[in-house]
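First the structure, in the form of structure tokens, and then the observations on it.
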Amino acid sequence: MASRGEEIQQQILRETYHLVSKRDDNVCNFLEGGSLIGGGSGYKLIYRHYATLYFVFCVDSSESELGILDLIQVFVETLDKHFENVCELDLIFHIDKVQHILAEIVMGGMVLETNMTEVLTHLDAQAKLEKSEAGITAAPARAISAVKSMGPNVSIPHMPHFNFKGH
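To get my numbering, take the position in the sequence shown, counting from 1, and add 423.
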């Protein structure tokens, strides 16, 4: 059974989709938040529609609509560059990467970085770090596999035991 918070979140998603998807492509990309989001209380939905994807940000009235549209553009271009022509499946199957990209751009409601090259540089550094960590953690398994592949007659040399108690 879904918690009350999850139910409200799903209602907000449905309401947002209905508000945004019914709009013509030739109308402005800003609208007041729906009743669940706090319509009339200063929240706005700012969105961009790319092919079959909608990117929607919910912001308060102090945010610049054009600034948020630019932010969405940077986010989408970064996704497109990272995934080499982003599609729905990339977003679904690599949601962790999508969230990481968004966290490089925005954190805690504050825009951190809008330079796509910088964001991609940080992503590449993170990927290299993850790859090196995977190599370190996989090293013992590779060593065991290599010894096993040598055959049953392999003798492992005696390793001396060191006693560090008596410094």
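Ideal Cβ placement from N, Cα and C applies to all residues, glycine included.
(message) Using C-beta distances below 8 Å, list every residue in its chain close to Leu-502, excluding the 5 sequence neighbours before and after it, in chain order.
(response) Val-509, Asp-513, Leu-514, Val-521 and Ile-524
(request) Buried or exposed for His-516, please, with buried defined as at least 16 other CB atoms from any protein chain shown within 10 angstroms of its CB. (result) The sequence given here places Phe at residue 516; His does not occur at that position. Exposed.
(message) On the CB-based measure, 16 or more other CB atoms within 10 Å of its CB, does Glu-430 come out buried or exposed?
(response) exposed
(request) Counting only the same chain and skipping the five closest in sequence on each side, list residues whose C-beta sits under 7 Å from that of Cys-481. (result) Gly-456, Ile-460, Tyr-466 and Leu-468
(request) Run the CB neighbour count on His-505, radius 10 Å, all protein chains shown included, and call it buried at 16 or more, exposed below. (result) buried
(request) List the residues that DSSP assigns as beta-bridge partners of Arg-663. (result) Absent from the structure is residue 663, since the part of the chain shown begins at 424 and ends at 590.
(message) Considering only the alpha carbon of each residue, which of Tyr-440, Asp-547 and Thr-537 lies closest to Val-479?
(response) Tyr-440
(message) Checking 8 Å against the spacing of the C-beta atoms, do Met-539 and Val-499 come in under that value?
(response) no
(message) Considering only heavy atoms of the ligand SAH, does any lie closer than 7 Å to the CB of Gly-532?
(response) The ligand SAH is not part of this structure, which contains no ligands at all.
(message) At the level of alpha carbons, what is the spacing between Glu-486 and Met-533?
(response) 11 Å
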